[in-house]
Ligand SMILES: *Cc1c(COP(=O)(O)O)cnc(C)c1O
Ligand code: SF4
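Numbering (the numbering used here), first residue to last: 500 to 851.
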């Protein structure tokens, strides 16, 4: 719908041609700027030309992820901007230590697109509450905390840094003796696949074991460009996972999720999690009944490759952490046996 010329030029150039101001967004997308001006004043927008070119019609699954919506300011359901109490689990600014052996290191508050449902809406794009990320303090904390086996670079999007900065950061983390694994959480292969250059791949590949977890939410995001970016990473020996967010009007149906999970597998990306959306203020219009999520999980299990079935996760309020939810398979349990149903709803007894 929105054709863009020259989108194969350098990723920085593509990014600088993003729609950011309410006026530009309104003009380009044919919506009233007065509708979205107060929205972007509170929650910044960035729709880069590549992602814009994937939108096919007003209100479609990609539009909903990218285009500011007055509903963000009318949320009367979710009251908290940080319901998971991330700020309360930060020993130093920009770093969250919730689980024993791994930390989440928010090294950037910028992204190639500002997803309207983002659980860190309070931070991304330099919104209210964004603290300056102090990389040095985070690194110090990791160095003096020997139980940290894994460092997860997140944000924002860590791949917003330039190659030299990223290489330096990865080298500094790799030098910490007790850090065994680095993980990068990024949406770049999906929202701006041209960021995955051969130079970047060389840098990431040099810091193995390094895992990249991407976020694809809809099969239409698995374009030739996105698949090529993922193939470059996979060819360099970088294991790829996907953390999808379950979102109303985007992917909250069995057909879309099945197409997405099988599409990911075909692109050498292992579905890792489907996240139930967090109750973050400004995102109530994306919320999905838990029942729907379980129904989707039920439809995936058995019907597609087990490699394509992720865990369905809720994140507990107040920093309780992530918990997987499963459809009910065990119908009855006694001392001697389980009564279990399979994916075709046939009932079996299983001796224990
Ligand atoms: C989700 C999350 C992690 C990573 O959890 P995994 O289950 O290992 O993927 C780590 N730290 C924080 C704060 C998180 O929210
Ligand atoms: S890329 Fe990730 S951190 Fe950035 S806005 Fe989207 S969901 Fe939020």
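Note that beta-carbon positions come from the ideal geometry of N, C-alpha and C, so glycine has one too.
Exposure label - residue i; buried when at least 16 CB within 10 Å
| i | result |
| --- | --- |
| residue 628 | Caution is warranted here: a pLDDT of 41 is assigned to residue 628, below 50, making its placement in the model unreliable, and no coordinate value can be reported. |
| residue 843 | exposed |
| residue 828 | exposed |
| residue 725 | buried |
| residue 694 | buried |
| residue 777 | buried |
| residue 548 | buried |
| residue 830 | exposed |
| residue 746 | buried |
| residue 682 | buried |
| residue 505 | Note that residue 505 scores a pLDDT of 47, beneath 50, so its modelled location is shaky; the value from the coordinates is reported in the next line. Exposed: under 16 other Cβ atoms inside 10 Å. |
| residue 630 | Model confidence at residue 630 stands at a pLDDT of 48, short of 50, so the residue's coordinates are unreliable; what they give is reported in the following sentence. Exposed: under 16 other Cβ atoms inside 10 Å. |
| residue 698 | exposed |
Residue range of the alpha helix (DSSP H) that includes residue i
| i | result |
| --- | --- |
| residue 757 | 753–765 |
| residue 851 | Neither: residue 851 is in no alpha helix (DSSP H) and is coded neither H nor E. |
| residue 852 | Since the first residue shown for the chain is 500 and the last is 851, residue 852 is missing from the structure and cannot be characterised. |
| residue 539 | 532–541 |
| residue 574 | Run containing residue 574: none; DSSP gives neither H nor E here. |
| residue 794 | 789–799 |
| residue 724 | 723–734 |
| residue 852 | In the structure displayed, the chain extends from 500 to 851; residue 852 sits before or after that span and is not available. |
| residue 548 | 548–553 |
| residue 700 | 697–704 |
| residue 671 | 662–673 |
Proximity winner among the options, relative to residue i (alpha-carbon distances)
| i | options | result |
| --- | --- | --- |
| residue 788 | 813, 743 and 532 | 813 |
| residue 710 | 696, 729 and 558 | 729 |
| residue 598 | 832, 808, 846 and 818 | 818 |
| residue 617 | 754, 698, 808 and 685 | 685 |
| residue 748 | 521, 610 and 559 | 559 |
| residue 723 | 526, 692 and 511 | 692 |
| residue 755 | 841, 581, 795 and 781 | 795 |
| residue 841 | 809, 798, 823 and 816 | 798 |
| residue 823 | 566, 834 and 810 | 810 |
| residue 608 | 601, 619 and 520 | 619 |
| residue 586 | 639, 527, 553 and 621 | 621 |
| residue 521 | 511, 721 and 544 | 544 |
| residue 700 | 736, 839, 713 and 523 | 736 |
| residue 624 | 679, 793, 540 and 573 | 540 |
| residue 523 | 689, 741 and 546 | 546 |
| residue 601 | 648, 572, 563 and 573 | 648 |
| residue 611 | 573, 727, 564 and 673 | 564 |
Residues of its chain near residue i, where Cβ-Cβ distance is below 8 Å and the 5 sequence neighbours each way are ignored
| i | result |
| --- | --- |
| residue 836 | 848, 849, 850 and 851 |
| residue 767 | 729, 730, 733 and 739 |
| residue 568 | 535, 538, 615 and 784 |
| residue 606 | 593, 632, 634, 637, 652, 653, 654, 655, 657, 660 and 668 |
| residue 702 | 662, 665, 666 and 669 |
| residue 507 | Bear in mind that the predicted position of residue 507 carries a pLDDT of just 46, short of 50, making it too unreliable to give a figure here. |
| residue 477 | Nothing about residue 477 can be reported from this structure: the residues present for the chain run from 500 to 851 only. |
Bounding residues of the beta strand (DSSP E) (the contiguous stretch that carries residue i)
| i | result |
| --- | --- |
| residue 822 | 820–824 |
| residue 836 | 836–840 |
| residue 829 | 829–832 |
| residue 522 | Run containing residue 522: none in the beta strand (DSSP E); it sits in the alpha helix (DSSP H), 521–528. |
| residue 512 | Not the beta strand (DSSP E): residue 512 falls in the alpha helix (DSSP H), residues 510–515. |
| residue 740 | 739–744 |
| residue 601 | 601–605 |
Close Cβ partners of residue i (< 7 Å) along its chain, the five nearest in sequence each way excluded
| i | result |
| --- | --- |
| residue 575 | none |
| residue 803 | 757, 760 and 761 |
| residue 751 | 745, 787 and 791 |
| residue 516 | 548 |
| residue 640 | 590, 591 and 594 |
Closer than 7 Å: residue i CB and nearest ligand 1 heavy atom
| i | result |
| --- | --- |
| residue 603 | yes |
| residue 800 | no |
| residue 550 | no |
| residue 597 | yes |
| residue 513 | no |
| residue 821 | yes |
| residue 651 | yes |
Residue i Cβ short of 7 Å to ligand 2 heavy atom set
| i | result |
| --- | --- |
| residue 656 | yes |
| residue 623 | yes |
| residue 686 | yes |
| residue 541 | no |
| residue 619 | yes |
| residue 772 | no |
| residue 610 | yes |
| residue 614 | yes |
| residue 714 | yes |
Residues near residue i in its chain [Cβ-Cβ closer than 6 Å; skip 5 each side]
| i | result |
| --- | --- |
| residue 743 | 716 and 773 |
| residue 669 | 706 |
| residue 807 | 760, 761, 764 and 770 |
| residue 782 | 616 |
| residue 800 | 808 and 842 |
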